[in-house]
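In what follows, a single structure is set out as structure tokens and then discussed.
Number of protein chains: 2
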Amino acid sequence: MSAAAPAPFVPLPSADPACPLCREHTGVPVWQDADWRVIRAEDADFPAFYRVIARAHVGEFSALPAAQRARCMALVCAVERVLLERLAPRKINLAALGNMVPHLHWHVIARFAWDSHFPQAVWGPRQREVEGGARARLGIDLRALDAAVATALSQCP
Amino acid sequence: MSAAAPAPFVPLPSADPACPLCREHTGVPVWQDADWRVIRAEDADFPAFYRVIARAHVGEFSALPAAQRARCMALVCAVERVLLERLAPRKINLAALGNMVPHLHWHVIARFAWDSHFPQAVWGPRQREVEGGARARLGIDLRALDAAVATALSQCP
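Same order as they appear, the protein sequences are chains V and Z.
Per my numbering: the first sequence = residues 91 to 247.
Per my numbering: the second sequence = residues 91 to 247.
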């Protein structure tokens with residue numbers, strides 16, 4: 091089963107005009123529903139880097155009602171599992187920081203021993219150059235990966 | 091209601107002898123139950139930095155059964171709420187990375203506009219020195235904060 095391409099990004103009526111995650115479409119759109127959208131970040135160093143983004147402008151994870159928190163982590167978990175199954179990474183990194191953009195978004199990042207920053211965080215100091223670039227080194231069809239992620243999200247309870 | 095001090099750290103029979111989070115006690119013990127333990131990290135730059143650590147040696151969040159994932163995030167959320175209520179931080183950072191120690195542990199970190207790295211991640215480049223140190227700047231009794239965290243965890247569903 092394949093997932094339909096997500097609808098074009100349309101800000102919610104409640105969008106915060108000062109918040110880029112409320113107003114702007116960035117990254118490759120992968121999937122969305124009424125409350126969440128998932129994009130691929132298009133990071134040159136980390137090709138398998140997705141974000142699970144709240145549609146509404148909420149700052150902290152604990153501000154969500156319990157059912158929304160459960161839904162959010164089910165989506166994060168679904169993305170994680172696709173990355174584990176398809177890419178066999180060394181590690182998955184999960185993070186909700188929001189220091190620069192305090193609108194809830196979860197980073198889900200496949201990490202490899204060869205990547206530019208491993209074992210440091212992606213926000214830490216670069217450890218090495220990756221010859222030919224990370225996307226070539228990963229050597230997979232990112233559109234097919236996006237489709238697998240979208241399918242998993244569509245099937246997520 | 092106050093929470094009892096956690097029992098001394100005892101590795102599980104299933105502990106991985108190569109894993110420091112299975113074998114070693116680090117940080118200030120705050121709370122534990124059969125499946126999880128919570129410590130304060132004693133980081134000089136980030137005094138209100140807690141970790142929610144799986145007792146068992148599990149690598150990825152998605153490897154946990156659903157009920158354990160829910161319990162884990164309920165604990166993370168409980169710590170977050172205490173930090174928000176008691177410290178009014180600029181932001182809470184949540185992360186499960188595990189690149190160096192692939193044993194599931196969630197970082198829960200109160201961030202402030204004045205802290206040494208804000209708005210960068212705690213793993214990113216230092217932005218400034220904090221005169222007198224972060225603990226003095228925060229100006230709270232960390233043992234009382236630990237007790238509030240432990241109480242919230244004890245009441246967590």
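The beta-carbon is built from N, C-alpha and C at its ideal position, and this holds for glycine as well.
Only a predicted model underlies this, so the values are computations on that prediction, with no experimental measurement involved.
Backbone CA spacing between residue i and residue j [nearest angstrom]
| i | j | result |
| --- | --- | --- |
| S244 of chain Z | W121 of chain Z | 8 Å |
| P110 of chain Z | D106 of chain V | 44 Å |
| I129 of chain Z | A97 of chain V | 43 Å |
| P247 of chain V | A164 of chain V | 7 Å |
| Q231 of chain V | P101 of chain Z | Looking at the sequence provided, one finds Asp at residue 231 of chain V rather than Gln. D231 of chain V and P101 of chain Z: Cα-Cα distance of roughly 43 Å. |
| S104 of chain Z | L235 of chain Z | 32 Å |
| C112 of chain Z | V191 of chain Z | 10 Å |
| V142 of chain Z | G117 of chain V | 31 Å |
| F99 of chain Z | D125 of chain Z | 13 Å |
| A146 of chain Z | E132 of chain Z | 23 Å |
| R218 of chain Z | A157 of chain Z | 42 Å |
| V166 of chain V | H115 of chain V | 20 Å |
| R127 of chain Z | A108 of chain V | 39 Å |
| E250 of chain V | V220 of chain Z | Coverage of chain V is limited to positions 91 through 247, which leaves residue 250 of chain V absent and any answer about it impossible. |
| P119 of chain Z | D123 of chain V | 41 Å |
Rounded Cβ spacing between residue i and residue j (contact assumed at less than 8 Å)
| i | j | result |
| --- | --- | --- |
| A160 of chain Z | H193 of chain Z | No, A160 of chain Z and H193 of chain Z are not in contact; Cβ-Cβ is about 20 Å, not under 8 Å. |
| A242 of chain V | R171 of chain V | 7 Å |
| L187 of chain Z | N183 of chain V | 5 Å |
| F208 of chain V | R180 of chain V | 7 Å |
| Q210 of chain V | W213 of chain Z | 7 Å |
Test: residue i CB closer than 8 Å to a CB of chain V
| i | result |
| --- | --- |
| L232 of chain Z | no |
| E150 of chain Z | yes |
| L102 of chain Z | no |
| E175 of chain Z | no |
| C167 of chain Z | yes |
| P110 of chain Z | no |
| P137 of chain Z | no |
| I192 of chain Z | Per the sequence shown, the amino acid found at residue 192 of chain Z is Pro instead of Ile. By this cut-off, P192 of chain Z is an interface position. |
| P155 of chain Z | no |
| P209 of chain Z | yes |
| A146 of chain Z | no |
| A226 of chain Z | no |
| E114 of chain Z | no |
| A200 of chain Z | no |
| A186 of chain Z | yes |
| I182 of chain Z | yes |
| E132 of chain Z | no |
Closest Cα partner of residue i within the set the options
| i | options | result |
| --- | --- | --- |
| V198 of chain V | V:L228, V:L111, V:V169 | V:V169 |
| A240 of chain V | V:A108, V:V220, V:H115, V:Y140 | V:Y140 |
Sequence-distant residues of its chain with Cβ nearer than 6 Å to residue i (five each side left out)
| i | result |
| --- | --- |
| L228 of chain Z | P137 |
| A203 of chain Z | R180 |
7 Å CB neighbourhood of residue i in its chain, flanking five on each side removed
| i | result |
| --- | --- |
| A238 of chain V | V172, R176 |
| A224 of chain Z | A134, D135, F136, P137, D205, S206 |
| A200 of chain V | A138, L173, L177, P179, I182 |
Close-in-space but distant-in-sequence residues of the same chain around residue i (CB under 8 Å, 5 per side omitted)
| i | result |
| --- | --- |
| V148 of chain Z | L154, H193, L194 |
| F151 of chain Z | R159, C162, A186, L194 |
| P215 of chain Z | H207 |
Chain Z contact for residue i (CB, 8 Å cutoff)
| i | result |
| --- | --- |
| R161 of chain V | no |
| W213 of chain V | yes |
| R218 of chain V | no |
| I143 of chain V | no |
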